[in-house]
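**Student:** Encoded as structure tokens, here's the structure I'll be asking about.
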Amino acid sequence: MKTSHDNTLHAGSAWYHQPVLWLGIAVFLASLAGCGWLIVVSVRYADTPLSTSQAVFGVPASAAQPPPDRTP
């Protein structure tokens with residue numbers, strides 16, 4: 039049987055009374071806002087191509103040329 043003492047003991051353990059949870063929510067929302075801000079700012083600037091060799095980290099920098107048509 040619950041007493042009034044038990045109710046007051048568990049009243050402070052509700053999720054909205056936990057400061058760590060509010061901190062986590064604030065950090066999550068700040069990271070979402072930062073992602074949105076980076077997307078908005080990056081749209082303003084052109085992505086200029088860099089002068090590199092044929093491969094960057096072993097990945098070809100451009101698409102391969104298609105093979106010529108072979109007609110018999």
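Per my numbering, the sequence shown starts with residue 39, numbered consecutively. Even for Gly, the Cβ is constructed at its ideal location relative to N, Cα and C. Quick caveat, the model's predicted, so the values are computed rather than measured.
#1: Looking at the secondary structure, which residues open and close the alpha helix (DSSP H) in which Trp60 lies?
#2: If you compare alpha carbons, which of Gly72, Ser100, Ser80 and Thr109 is closest to Ser89?
#3: State the CB to CB distance for the pair Trp53 and Leu59, rounded to an integer number of angstroms; the pair is presumed to be in contact (CB under 8 angstroms).
**Tutor:** Reading it off the structure:
#1: For the purposes of this step, residue 60 is identified with residue 22 of the sequence shown, where counting begins at 1. Pro57 to Val81 is the span of the alpha helix (DSSP H), which, as asked, contains Trp60.
#2: Residue 89 sits at position 51 when you count from the first residue of the sequence shown. For the options Gly72, Ser100, Ser80 and Thr109, the alpha carbon positioned closest to that of Ser89 is the one of Ser100.
#3: Sequence index remark: in the sequence shown, residue 53 carries index 15 (1-based). Sequence index remark: in the sequence shown, residue 59 carries index 21 (1-based). Rounded to whole angstroms, the Cβ separation of Trp53 and Leu59 is 6 angstroms, and the two are in contact under 8 angstroms.
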